[in-house]
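Trainee: First the structure, which I've put down as structure tokens, then a few questions once you've had a look.
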Amino acid sequence: MKIATWNINSVRLRIALAKRFLKEHQPDAIALQETKVVNDLFPRQAFTELGYVHQAIHGQKGYHGVAILSRVPFRETFSHEFCSNSDCRHIQVTFDNGVELHDFYVPAGADIPDPLVNPKFAHKLGFLREMAAFFETRGRRGDPVVMVGDLNVAPLENDVWSHKQLLGVVSHTPVETGLLAQVKASFDWTDVTREFVPASEKSYSWWSYRASDWAASDRGRRLDHIWVSPALKAAVKSQQIVKKMRGWKLASDHVPVVVELAL
DNA sequence: ATGGCAGGTTATACCTGA
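Be aware that the first sequence starts at 585, since it is given in my numbering, and climbs by one per residue.
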């Protein structure tokens, strides 16, 4: 079973890129973030035509929005509301093979890394705390569960282009990476990418639009993650961060991450 | 150290992203 995650930064604007990616990589399911569209206007047909006929969509106007598009059936969909906020930032499905997939879009947190003066940063920290509580409360750690999404935190030193220069920058501050570690511990998650890419090696999934030459400056961050529960750790066969897509015309600033599971 | 871009919106400037 192949699962992909991608912050698509507007599903309507990037439908051609989505088609190209799906044809090339043939995932069984793709989890999207930042779809930026209400459910009624979601381009369902484009995905249906490619075989992704099972669709769990949770969107809102203009911002955020998540969706899971799948070629394999799922029997259940659910969205949990975090921080008593109706933002569309989570959706989960349970496939007929028993695998439960969670798709998250964690708040970015804006610029100032101080929850006392920046309510968006406070929201981000609260969201991460609730994620940890959500999985602690869920229990049943023996279940086959996959958690993917734009977590908006680059946890390790080599998940950013300069650890020292980004320690005070939102996405890599100690309070954020500390909380993400708590989320990871809440379900004994395995960070799939780092099972294959050594911690000593740089790894990014996002490059800013603001660089004049994203590839030359290569100031990236690894914000997009695939985690698996202990029951699935042995089933992980490969992972790929599809870096070349950052260079496609009209690219998202995030690229997809793909995991292959022997299921 | 800084500035740099992109997407959406009852738009044509402003908010958000990270």
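All residues carry an ideal CB built from backbone N, CA and C; glycine is no exception.
In this structure, does DSSP put Trp832 in helix, strand or coil?
Mentor: The answer is coil: DSSP assigns Trp832 none of H, G, I, E or B.
Trainee: May I have the straight-line CA-CA distance separating Cys667 from Ala692, to the nearest angstrom?
Mentor: 14 Å
Trainee: Assuming Gly643 contacts Phe626 under a Cβ cut-off of 8 Å, what Cβ separation, rounded to an integer in Å, is found between them?
Mentor: With a Cβ gap of about 6 Å, Gly643 and Phe626 count as contacting.
Trainee: Just to confirm my understanding: we take Lys817, look at its own chain, exclude 5 residues before and 5 after, and list those with CB closer than 6 Å. What are they?
Mentor: Thr774
Trainee: Is the stretch 734-750 touching the stretch 781-790 in the sense that three or more CB pairs, one from each, lie closer than 8 Å?
Mentor: yes
Trainee: Buried or exposed for Thr721, going by 16 or more other Cβ atoms inside 10 Å?
Mentor: With fewer than 16 other Cβ atoms within 10 Å, it is exposed.
Trainee: Go through its chain and collect everything with a Cβ distance to Asp680's Cβ below 8 Å, but skip five positions before and after it.
Mentor: Val656, Pro657, Phe658 and Arg659
Trainee: Identify whether Val839 lies in helix, strand or coil by the three-state DSSP scheme.
Mentor: coil
Trainee: I want to know whether the stretch 803-816 touches the stretch 726-734 - three or more CB-CB distances under 8 Å.
Mentor: Counting Cβ pairs under 8 Å, three or more are found: they touch.
Trainee: Specify the secondary structure class of Val776 as computed by DSSP and reduced to three states.
Mentor: helix
Trainee: I believe Val839 touches Arg830 by the beta-carbon criterion, under 8 Å. Please report the beta-carbon distance rounded to the nearest angstrom.
Mentor: Indeed, because the Cβ distance is near 5 Å, the residues count as touching under 8 Å.
Trainee: On the three-state DSSP scale, how would you describe Val848?
Mentor: In the structure displayed, the chain extends from 585 to 847; residue 848 sits before or after that span and is not available.
Trainee: Taking DSSP as the reference, what is the three-state secondary structure of Thr757?
Mentor: coil
Trainee: So what's Ser654 in DSSP terms, helix, strand or just coil?
Mentor: strand
Trainee: Would you say the beta carbon of Val690 comes nearer than 7 Å to a heavy atom of the ligand NAD?
Mentor: Absence of the ligand NAD is noted for the structure shown, with no ligands found whatsoever.
Trainee: Between which residues of its own chain and Thr678 is the CB-CB distance below 7 Å, once the five residues before and five after are set aside?
Mentor: Phe658, Arg659, Glu660 and Glu684
Trainee: What would DSSP say about Asn623, mapped onto helix, strand or coil?
Mentor: helix
Trainee: What number of angstroms, rounded off, separates the C-alpha of Phe631 from the C-alpha of Ala795?
Mentor: Their Cα atoms are separated by approximately 32 Å.
Trainee: Determine the direct distance from the alpha carbon of Asp695 to that of Pro611, and round the result to whole angstroms.
Mentor: Separation of Pro611 and Asp695 (C-alpha to C-alpha, rounded to the nearest whole angstrom) is 35 Å.
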